[in-house]
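Enquirer: Dumping the structure here so I can ask a few things about it.
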Amino acid sequence: VVAPRVATRVARDARAPSRAAHRVAPASSSAANASTRSWEFRLLYDGACPLCVREVEMLRAKDGGKGNLDLVDIASDDYDAKENAGIEYAEAMKTIHGLDAANNVYTGVEVFEKAYKAVGLGYVYAFTKVPFLLNAANKVYDVWAKYRLNVTSRGSLAEHLAARKARMDGKNCDACEIDFETDGSQCDDGTLYLCETDEEEAKTASK
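The sequence shown begins at 6 in the numbering used here and counts up one residue at a time.
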């Protein structure tokens, strides 16, 4: 989880132009569930990121079992975009995402503001109400989001997307981890399978 990006609130119909106007339309089942949600805000986080998990655990503790903040690990193989406003894994890995009980999608600094507010810590991001401070925070988050995988020695986004695709396609053994030195994945038995990354996907992911 970690630092902030441009606060983008997107209504489900996305009629007004915005950063996330290209969002894939949420599945009807997701829309139907919106009216029965008990949480105030859902945070999509990268469970394979140590720094992110540390912040998530702090927020979980602050929530104290009230259920106001719902936490969804996008790194889990069980992650389902259809249950999360159509936000695909690749998109969620590029920048932090969240959604409210009405299924409005948010990215960047506004995600942090709303997540902290849900657990009673809204004052931490009160500065986001000041436009120039929000813009400054957005720029800082843009840099972090672009380089966070490299900073935490986890390889590139393209490598992650390739490894996940291979794993989800059933090309892995029961438990494989990304091996960035070989640009492939290491299985429990020591064998490797190389992740074939589509060149165009890699270029897009690196932007």
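Think of the CB as a built atom: it goes at the ideal place given N, C-alpha and C, for glycine as much as any other residue. Quantities reported herein were computed from a predicted structural model and do not represent experimental measurements.
1. On the DSSP bridge list, what partners appear for F46?
2. Tell me, please, whether the region 121–128 touches the region 84–97 by the rule of three or more beta-carbon pairs shorter than 8 Å.
3. Below 8 Å on the Cβ atoms is my guess for V114 versus H102; work out the distance and round it to an integer in Å.
4. Going by DSSP, what residue range makes up the beta strand (DSSP E) through V110?
5. Measuring alpha carbon to alpha carbon, tell me which of L48, Y130, A150 ends up nearest Y84.
6. Report yes if the C-beta distance between G52 and A80 is below 8 Å; otherwise report no.
7. Helix, strand or coil for G91, going by three-state DSSP, please let me know.
8. When the Cα atoms are used, what is the spatial distance from V58 to K71?
9. So, under 8 Å CB-CB, Y50 and L76 are touching, yes? Tell me the CB distance rounded to an integer number of Å.
10. Return helix, strand or coil for R159, following the three-state DSSP convention.
11. Taking W149 as the reference, which of L166, K134, K99 has the closest Cα?
12. Of the residues P55, S43, A131, E88, which one's Cα is nearest the Cα of L154?
13. Expressed to the nearest angstrom, what Euclidean distance is found between the alpha-carbon atoms of F117 and R172?
14. Spatial neighbours of E45 within its chain, please: C-beta separation below 6 Å, excluding the five flanking residues on both sides.
15. Is it buried or exposed for N140, if we count other Cβ within 10 angstroms and need 16 for buried?
16. Which of the three DSSP states is assigned to L64 in this structure?
Expert: A quick look at the data gives this:
1. DSSP lists L74, D105 as the bridge partner or partners of F46.
2. The region 121–128 makes no contact with the region 84–97: fewer than 3 CB pairs, one atom from each, lie closer than 8 Å.
3. So it is not a contact: roughly 12 Å between Cβ atoms.
4. Its beta strand (DSSP E) spans residues 110–112.
5. When only C-alpha atoms are compared, the closest one is L48.
6. In this structure, G52 places its C-beta atom within 8 Å of the C-beta atom of A80.
7. In the three-state reduction of the DSSP assignment, G91 falls in the coil class.
8. One alpha carbon belongs to V58, the other to K71, and they sit about 19 Å apart.
9. The beta-carbon distance between Y50 and L76, rounded to whole angstroms, is 6 Å. This is short enough to meet the 8 Å contact definition.
10. Collapsing the DSSP output to three states places R159 in coil.
11. Ranking L166, K134, K99 by Cα distance to W149 puts K99 first.
12. The residue with the shortest Cα to Cα distance from L154 is P55.
13. Going from the Cα of F117 to the Cα of R172 covers about 30 Å.
14. N73, A123.
15. By the neighbour-count rule (16 or more Cβ atoms within 10 Å), N140 is not buried but exposed.
16. Here L64 sits in helix by DSSP.
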